[in-house]
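J.: Dumping the structure here so I can ask a few things about it.
Numbering (the working numbering), first residue to last: 1180 to 1252.
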């Protein structure tokens, strides 16, 4: 595995956890370091780390809080 990829995996705990849960990525990353981008994209899909997911979650939280405030009035 490329040293750059190894360093990035060790720096981020979410990547390390995702790699442990989906060990088939070890084989893919060993074969080709360019698979790192696909690995990161798969991790972001799994943990909902994309910008659109974050915005959607924020809107859901705002709706929940406004619903609670309406109930308390």
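Yeah, the Cβ is synthetic: ideal placement off N, Cα and C, and Gly gets one too.
Since the structure is predicted, the reported quantities are computational estimates derived from the model, not experimental observations.
How would you label residue 1218, buried or exposed, when you count the other beta carbons within 10 angstroms and need 16 or more for buried?
T.: That one is buried.
J.: Between residue 1221 and the rest of its own chain, which residues show a CB-CB distance below 6 Å, the 5 nearest in sequence each way excluded?
T.: If we look at residue 1221 and ignore the five residues flanking it on each side, it has no Cβ neighbours.
J.: For the alpha helix (DSSP H) that residue 1233 lies in, which residues bound it at each end?
T.: Run containing residue 1233: 1230 to 1251, per the alpha helix (DSSP H) assignment.
J.: Please report the residue range of the alpha helix (DSSP H) in which residue 1211 lies.
T.: Taken as a continuous stretch (DSSP letters only), residue 1211 belongs to no alpha helix (DSSP H), as it is neither H nor E.
J.: State yes or no: is the C-beta of residue 1208 within less than 9 Å of the C-beta of residue 1181?
T.: Yes, these two residues count as a Cβ contact at 9 Å.
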